[in-house]
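Heads up: take any position in the sequence shown, counting from 1, add 10, and you land on full-length UniProt numbering.
Even glycine gets a Cβ: it sits at the ideal position worked out from N, Cα and C.
Scroll down for the structure; my scribbles are underneath it.
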Amino acid sequence: PLVLGIESSCDETGVGIVRGTELLANAVSSSMDEHVRFGGVIPEIASRAHLDAFVPTLRSALDTAGVTLEEVDALAVTSGPGLSGALMVGVAAAKALALATGKPLYAINHLVAHVGVGVLDGGDLPESLGALLVSGGHTEILKVDALASDVTLLGATIDDAAGEAYDKVARLLGLGYPGGPVIDRIAKEGNPKAIRFPRGLTMPKFTGTAENPGKHRYDFSFSGLKTAVARCVEQYRARGEEVPVADIAASFQEAVVDVVTSKAVLACREHGMSTLLLGGGVAANSRLRELLAARCASAGIALRVPRPGLCTDNGAMVAALAAQVVMAGGAPSGIGFAADSGQPVTAITL
Ligand code: ATP
Ligand code: MG
Ligand code: FE
11 PLVLGIESSC DETGVGIVRG TELLANAVSS SMDEHVRFGG VIPEIASRAH LDAFVPTLRS
71 ALDTAGVTLE EVDALAVTSG PGLSGALMVG VAAAKALALA TGKPLYAINH LVAHVGVGVL
131 DGGDLPESLG ALLVSGGHTE ILKVDALASD VTLLGATIDD AAGEAYDKVA RLLGLGYPGG
191 PVIDRIAKEG NPKAIRFPRG LTMPKFTGTA ENPGKHRYDF SFSGLKTAVA RCVEQYRARG
251 EEVPVADIAA SFQEAVVDVV TSKAVLACRE HGMSTLLLGG GVAANSRLRE LLAARCASAG
311 IALRVPRPGL CTDNGAMVAA LAAQVVMAGG APSGIGFAAD SGQPVTAITL
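As structure tokens, this is what we get:
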């Protein structure tokens, strides 16, 4: 099916067009630049930017794909999770298009769409699939038994998201926003073993054992790590010593990457998942890719990492998952649904 997908859950306005598992267009406009001076995404600014960007982004996607709205078989939109006001812009636009064209509309889960996008890069996804999603707003491990109908949340962060930790630590080190790319770069000049920062929720009292899993076996926590970095920086300053920025960046990054890769591999092993898909903006991280590839290889797990433009928020991922739902015979959502900022992964469509 020819599907047009709309994404507006955070700071990217995306319109993507797919035919089945083939990517035809992926137009994205980001309001990131408008948030830089605040050091984080400001919801009101993001919502307004979506209003301005939607029509030009839609036009650009249709032009690139060389199709008209009339030719589209189905429309899809991210209904949640995400920022309420931002989601509402995409949902209202999608409903308007559905009303105007009479096309069926599918309300799509943003997190599951980060997994579904995998079909656009490397073809169909196998059964028994695990997913590690790491972005500015999310850090989750999912078990995907059927993309269109059966997804389980195995673990999630109990405080900050991984990307959020990068952004906060970059601010502490005076490196600006967004923090991920700059820490990734500076860490290459530092020693990742210089400082042993805490690995959140990895103590046996949280993880339990294979036979008797603890409450937080697959969960993450990054706020303690952020505090540890802050204390470390303070100590150098209190002693009047120069802060070893590269060593701290490398050691912080090692702590994040060590925990997310080890828990993702553990979840795959314990749940019989033979393929792991990586998604979200932090998937761009070079050390994460390196360590995850190594740990998956030694555990016999096939790793799928979609190309960077498909890992960050975009409309093609929404279209790709909706096409899977259409092909599995899923019912359209109508136009009566509302954006749900807390939409759970078990609700793949509304
Ligand atoms: P959502 O959580 O809904 O996906 P988002 O806009 O917060 O939305 P993304 O756009 O997917 O998330 O990713 C942005 C995040 O990724 C930021 O926190 C940024 O610091 C982080 N990031 C980007 N590149 C890198 C990198 N090379 N290493 C680590 N983190 C990175
Ligand atoms: Mg973003
Ligand atoms: Fe996302």
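- Cβ-heavy atom distance between Ser-94 and ligand 3 below 6 Å? no
- Query: Which runs of the beta strand (DSSP E) fall wholly inside the segment 126 to 152 and span at least 3 residues, in chain order?
  - Reply: 139 to 144
- Is it a yes or a no for the segment 191 to 204 touching the segment 160 to 170, going by three-plus beta-carbon pairs under 8 Å? no
- Three-state class that DSSP yields for Phe-230 in the structure shown: strand
- Item | Burial state of Gly-76, where buried means 16 or more other Cβ atoms lie within 10 Å | exposed
- Is it true that the CB of Glu-17 sits closer than 7 Å to the CB of Asn-324? yes
- Beta carbon of Thr-217, beta carbon of Arg-227: below 7 Å? yes
- Please work out which residues of its chain come closer than 7 Å, Cβ to Cβ, to residue 382, disregarding the five sequence neighbours upstream and downstream, and give them in chain order. In the structure displayed, the chain extends from 11 to 360; residue 382 sits before or after that span and is not available.
- Query: Does the Cβ of Asp-257 lie closer than 6 Å to at least one heavy atom of ligand 3?
  - Reply: no
- Do Phe-200 and Asp-257 have their C-beta atoms closer together than 7 Å? Checking the sequence, you will find Gly at residue 200 rather than Phe. Cβ distance < 7 Å, so Gly-200 and Asp-257 count as in contact.
- Query: Below 7 Å between beta carbons: does that hold for residue 396 and Ala-96?
  - Reply: With the chain running from 11 to 360 in the structure shown, residue 396 is simply not present.
- Rounded straight-line distance, which links the Cα of Leu-211 to that of Ala-177: Checking the sequence, you will find Asp at residue 177 rather than Ala. Using only the alpha carbons, I get a separation of about 21 Å.
- Spell out a yes or no on whether the segment 104 to 122 and the segment 341 to 352 are touching, meaning 3 or more CB-CB pairs, one atom from each, closer than 8 Å. yes
- Message: Taking the alpha-carbon of Glu-137 as reference, which of Leu-287, Asn-295, Gln-353 has the nearest alpha-carbon?
- Response: Leu-287
- Message: Just to confirm the assignment: which complete alpha helix (DSSP H) runs, minimum length 4, are found wholly within the segment 255 to 294?
- Response: 255 to 280
- Item | Cβ-Cβ distance between Ala-86 and Ala-329 below 7 Å | yes
- Report the rounded CA-to-CA distance for Leu-135 versus Ala-248, giving the unit in angstroms. 52 Å
- Message: I'd like to check one pair, Val-99 with His-60: are the Cβ atoms closer than 7 Å?
- Response: yes
- Query: Beta-carbon separation of Pro-114 and Ala-333 under 7 Å?
  - Reply: no
- Compute the distance between the beta-carbons of Ala-103 and Ala-71, then report whether it is under 7 Å. no
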